[in-house]
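Please read the structure below before turning to the comments.
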Amino acid sequence: EIHLFHHFLAAGFKIKLHNHLDFILRMLLGYRSDDPLAEFESDTSGPWREVELSCSNVGEGTFDARLQTFEDFEDDELCDKYYEMEAEYIRKLQSESSGTNTFFFTQQQDWHDSWYTRNVSAMKRSRRRTLDWLKLWDFSEQDAIFWIFSDHGYQVETVISPKDTLTWILFKDNRSEPIIPARSIISSVDFYSTIMHILGKTLNDVDESIPINMSASLQRVFLGEDSRVKDNDKLCEAAVVSTIVDWDDQCSTSYPINLYLACYVRHLKTITIFRYLFFHENPYAAEKISLADIPDKEGCRTRLLVSLRKRFSEP
37 EIHLFHHFLA
47 AGFKIKLHNH
57 LDFILRMLLG
67 YRSDDPLAEF
77 ESDTSGPWRE
87 VELSCSNVGE
97 GTFDARLQTF
107 EDFEDDELCD
117 KYYEMEAEYI
127 RKLQSESSGT
137 NTFFFTQQQD
147 WHDSWYTRNV
157 SAMKRSRRRT
167 LDWLKLWDFS
177 EQDAIFWIFS
187 DHGYQVETVI
197 SPKDTLTWIL
207 FKDNRSEPII
217 PARSIISSVD
227 FYSTIMHILG
237 KTLNDVDESI
247 PINMSASLQR
257 VFLGEDSRVK
267 DNDKLCEAAV
277 VSTIVDWDDQ
287 CSTSYPINLY
297 LACYVRHLKT
307 ITIFRYLFFH
317 ENPYAAEKIS
327 LADIPDKEGC
337 RTRLLVSLRK
347 RFSEP
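Given below as structure tokens:
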């Protein structure tokens, strides 16, 4: 598919990327050097020359796009300074009225970095700061659309389980004719098609990415992958496919939903299969099962294995 930012620019949007820019420039724009900011700035004839960068930099000196980790702050004063700068930036961003549509992307890294300290108190403080950061936003802003998400749901293990891949989004559309989500379970790739729908465009392959205001087949297979560099620095990817059975999409605590997930980690050369029960009294109630234990209701078993082989087979 065409890069989403090309569609934004063609539609006259501004694009603003804020904070942790070394990571964002690599992941979103493909600058892979050791200094992605310098690579971006030297790429004056490239497709992203109109993208705006900003950073609440608490360090001394000039603008610095390196990932600022909260571990490095070491004291409350620097954390307070960071969030004061964030509050001012957000206030200014939401008060601007330029008459131009804007796509804004930022990454809130506080809890992620605090987790590496293995300090329970530090993690609690980071959660509090993250909640306070969310309160800085005016989610009633007129004509704005908010899509807030977590990239994964837990402390990801080598063999990815449902608790690692299941996460959440907060979606709010304040336009006069808002999008109304049609289902409670989506894929992260549905962001692309949802934006395309907002821009008045359609996708050729509706099975890969489905706007959240459209219904989805109960036979849909969700695809994902994640890096396992900490376990193996060469063959490090983990491939995940999952599908849901017994799903009426009228989610409530009285109607459990069964999800089956198959994970393949390249350097382990094994497929691990889990069964996960949504809305169980234990929110992480996943159990390892064998391939034979997957019900073949509507081809569930076949769909999982064919998708895994198709997307992530050995070269």
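Every number in my numbering is 36 more than the matching position in the sequence shown, counting from 1. All residues carry an ideal CB built from backbone N, CA and C; glycine is no exception.
Count the other C-beta atoms from every protein chain shown that fall within 10 angstroms of the C-beta of residue 84, then say buried if there are 16 or more, exposed otherwise.
-> Numbered from its first residue, the sequence shown carries residue 84 at position 48. Here residue 84 is buried: its Cβ has 16 or more other Cβ atoms, across all protein chains shown, within 10 Å.
Assign residue 330 to buried or exposed, taking buried as 16 or more other Cβ atoms, counted over all protein chains shown, within 10 Å of its Cβ.
-> In the sequence shown, counting from the first residue as 1, residue 330 sits at position 294. Residue 330 is classed as buried because its beta carbon has at least 16 other beta carbons within 10 Å across all chains shown.
Is residue 160 helix, strand or coil by DSSP?
-> Walking along the sequence shown from the start, residue 160 turns up at place 124. If DSSP states are grouped into helix, strand and coil, residue 160 belongs with the helices.
Expected contact under 8 Å - CB spacing of residue 73 and residue 64 to nearest Å = Within the sequence shown, the letter at position 37 stands for residue 73. Within the sequence shown, the letter at position 28 stands for residue 64. About 13 Å separates the two Cβ atoms, so there is no contact after all.
Thinking residue 276 and residue 201 are a contact (beta carbons under 8 Å), I'd like their distance in whole angstroms, please.
-> For this step, residue 276 is matched to residue 240 along the sequence shown. For this step, residue 201 is matched to residue 165 along the sequence shown. Cβ-Cβ separation between residue 276 and residue 201: approximately 6 Å, consistent with a contact (criterion under 8 Å).
With DSSP run on the structure shown, which of helix, strand or coil describes residue 335?
-> Your numbering for residue 335 matches position 299 in the sequence shown. Three-state DSSP puts residue 335 in a helix.
Following the continuous alpha helix (DSSP H) through residue 203, name the residue where it begins and the one where it ends.
-> Position 167 of the sequence shown holds residue 203. Boundaries for residue 203: no alpha helix (DSSP H) harbours it, and the DSSP string shows neither H nor E there.
With DSSP collapsed to three states, give me the class of residue 344.
-> As a position in the sequence shown, residue 344 is number 308, starting the count at 1. Correct three-state label for residue 344: helix.
Taking only runs of the alpha helix (DSSP H) that begin and end inside the stretch 47-127, which ones reach a length of at least 4 residues, in chain order?
-> Listed in chain order, they are 57-65, 72-78 and 106-109.
Segment limits, beta strand (DSSP E) that includes residue 183 = Counting from 1 along the sequence shown, the entry for residue 183 is found at position 147. Residues 181-185.
Ends of the beta strand (DSSP E) at residue 138?
-> The sequence position of residue 138 within the sequence shown is 102, counting from 1. Looking at the DSSP string, the run of the beta strand (DSSP E) that includes residue 138 is 138-142.
Three-way DSSP call (helix, strand, coil) for residue 296 in this model = Residue numbering aside, residue 296 sits at position 260 when the sequence shown is read from its first letter. In the structure shown, residue 296 sits in a strand (DSSP, three-state: E or B).
7 Å CB neighbourhood of residue 183 in its chain, flanking five on each side removed = As a first step, residue 183 is located in the sequence shown; it is residue number 147 there, counting from the start. 205, 207 and 227, listed in sequence order.
Rounded separation between residue 328 and residue 249 - CA only | Position 292 of the sequence shown, counting from 1, holds the residue named residue 328. Position 213 of the sequence shown, counting from 1, holds the residue named residue 249. Approximately 35 Å, taken between the alpha carbons.
Spatially closest choice to residue 118 from 92, 199, 307 and 232, by CA coordinates | Position 82 of the sequence shown, counted from the first residue, corresponds to residue 118. The candidate whose alpha carbon is nearest that of residue 118 is 92.
Throw me the rounded Cβ distance for the residue 233 and residue 247 pair, which I believe falls under 8 Å.
-> On the sequence shown, residue 233 is found 197 positions in, with the first residue counted as 1. On the sequence shown, residue 247 is found 211 positions in, with the first residue counted as 1. Between residue 233 and residue 247, the beta carbon gap of about 4 Å places them in contact (Cβ cut-off 8 Å).
For residue 328, does the three-state DSSP call read helix, strand or coil?
-> As a position in the sequence shown, residue 328 is number 292, starting the count at 1. Residue 328: helix per DSSP, three-state reduction.
Considering only C-alpha positions, which residue in the set 338, 261, 143 and 280 is nearest to residue 220?
-> For the purposes of this step, residue 220 is taken as residue 184 along the sequence shown, with counting starting at 1. Of the candidates 338, 261, 143 and 280, the residue whose Cα lies closest to the Cα of residue 220 is 280.
Note down, one range per segment and in chain order, each alpha helix (DSSP H) of at least 4 residues found wholly within the stretch 216-281.
-> 226-234, all fully within the stretch 216-281.
Element boundaries [beta strand (DSSP E), containing residue 172] = Residue numbering aside, residue 172 sits at position 136 when the sequence shown is read from its first letter. Counting along the chain, no beta strand (DSSP E) covers residue 172, and no H or E run does either.
Who are residue 41's beta bridge partners in DSSP?
-> Your numbering for residue 41 matches position 5 in the sequence shown. Beta-bridge partners assigned by DSSP to residue 41: none are found.
Report the option in 251, 236 and 258 whose CA atom is closest to the CA atom of residue 244.
-> The residue labelled residue 244 in the question sits at position 208 within the sequence shown. The shortest C-alpha separation from residue 244 is found at 258.
With distances taken from CA atoms, which of 55, 116 and 139 is nearest residue 43?
-> The sequence position of residue 43 within the sequence shown is 7, counting from 1. Cα-wise, what sits closest to residue 43 is 139.
Any C-beta of chain C sitting closer than 8 Å to the C-beta of residue 94?
-> The question asks about chain C, but that chain is absent: this structure has only one protein chain.
Straight-line Cα distance separating residue 78 from residue 294 | One-based indexing of the sequence shown puts residue 294 at position 258. One-based indexing of the sequence shown puts residue 78 at position 42. The alpha-carbon separation between residue 294 and residue 78 amounts to approximately 50 Å.
Taking the alpha carbon of residue 142 as the point to measure from, which residue in 261, 125 and 150 has its own alpha carbon closest?
-> Translated into positions along the sequence shown, residue 142 becomes position 106. It is 125.
State yes or no: is the C-beta of residue 165 within less than 8 Å of the C-beta of residue 187?
-> Reading the sequence shown from its first residue, position 129 is the one you call residue 165. Reading the sequence shown from its first residue, position 151 is the one you call residue 187. Not in contact: residue 165 and residue 187 (Cβ atoms no closer than 8 Å).
Under 6 Å Cβ to Cβ from residue 181, same chain only, skipping five residues before and after it: list those, please.
-> Mapped onto the sequence shown, residue 181 falls at position 145. Close CB contacts of residue 181 within its chain, under the 6 Å cut and outside five residues either way in sequence, are with 209 (chain order).
Exposure label - residue 70; buried when at least 16 CB within 10 Å = Against the sequence shown, residue 70 aligns to sequence position 34. By the 10 Å Cβ count, residue 70 comes out exposed.
Cβ of residue 159 within 8 Å of Cβ of residue 169?
-> One-based indexing of the sequence shown puts residue 159 at position 123. One-based indexing of the sequence shown puts residue 169 at position 133. Against a cut-off of 8 Å, the Cβ pair of residue 169 and residue 159 comes out as no contact.
CA-CA distance, residue 345 and residue 116?
-> Within the sequence shown, residue 345 is the residue found at index 309, counting from 1. Within the sequence shown, residue 116 is the residue found at index 80, counting from 1. Spanning the two alpha carbons is a distance of roughly 49 Å.
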